Amino acid sequence: MNFCTIRDLRNNSKKLWGNDDVIITNNGKPKGILIKTDDEKFLNTLSLIASARALWAINSIKEDSKAKGYFSKDEIEKEIRSVRSSKK
Numbered sequence: 158m159n160f161c162t163i164r165d166l167r168n169n170s171k172k173l174w175g176n177d178d179v180i181i182t183n184n185g186k187p188k189g190i191l192i193k194t195d196d197e198k199f200l201n202t203l204s205l206i207a208s209a210r211a212l213w214a215i216n217s218i219k220e221d222s223k224a225k226g227y228f229s230k231d232e233i234e235k236e237i238r239s240v241r242s243s244k245k
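Each residue of the sequence shown is one higher than the last, beginning at 158 in this note's numbering.
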C-alpha cells in the first residue's frame, strides 16, 4: 500500500490513479483509504465495505455493553432458556 498526504492528493492526484490502494494521511495520521476498483468490482467492493462497517459497529456495541456491565451474550441466552423452560 502506498501512503499519500492530503496535500499531495489535492496537488498531484493524477499520480495516484495508477496505484493500488492508497492510505491518505494528515499530519502523519491515517484519515482515509482510496481503494482501487473498476466497473465490474464496484458494487461488490461497496458491499464488502458495508459488511465490514456493520461488523465494526457490532463489535463496538459489544465492547460498550461489556464496559458498562450489561448482560453478556451467554447471560442473555441463559435467561431466554430459563423463560422458555418455565413456559412449558
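Each residue gets a CB set at the ideal place from its N, CA and C atoms; glycine is no exception. All of these numbers come straight from a predicted model, not from anything done at the bench.
(message) Taking the straight line between their C-alpha atoms, what separation do you get for R238 and K244?
(response) 10 Å
(request) Can you tell me which of the three DSSP states K188 falls into? (result) strand
(request) Closer than 8 Å by C-beta to R241: which residues in its own chain qualify, once you throw out the five before and the five after it? Chain order, please. (result) none
(request) Please say whether K188 and I206 have beta carbons closer to each other than 8 Å? (result) no
(request) Rank L212, S208, G226, I192 by C-alpha distance to the C-alpha of D177 and give the top, closest one. (result) I192
(message) Within a Cβ cutoff of 7 Å, which residues of the same chain sit near T202, ignoring the five residues on either side of it in sequence?
(response) I192, T194
(request) Closer than 8 Å by C-beta to E236: which residues in its own chain qualify, once you throw out the five before and the five after it? Chain order, please. (result) F228
(request) Assuming I180 and M158 form a contact by the criterion Cβ under 8 Å, report the distance between their Cβ atoms to the nearest whole angstrom. (result) 6 Å
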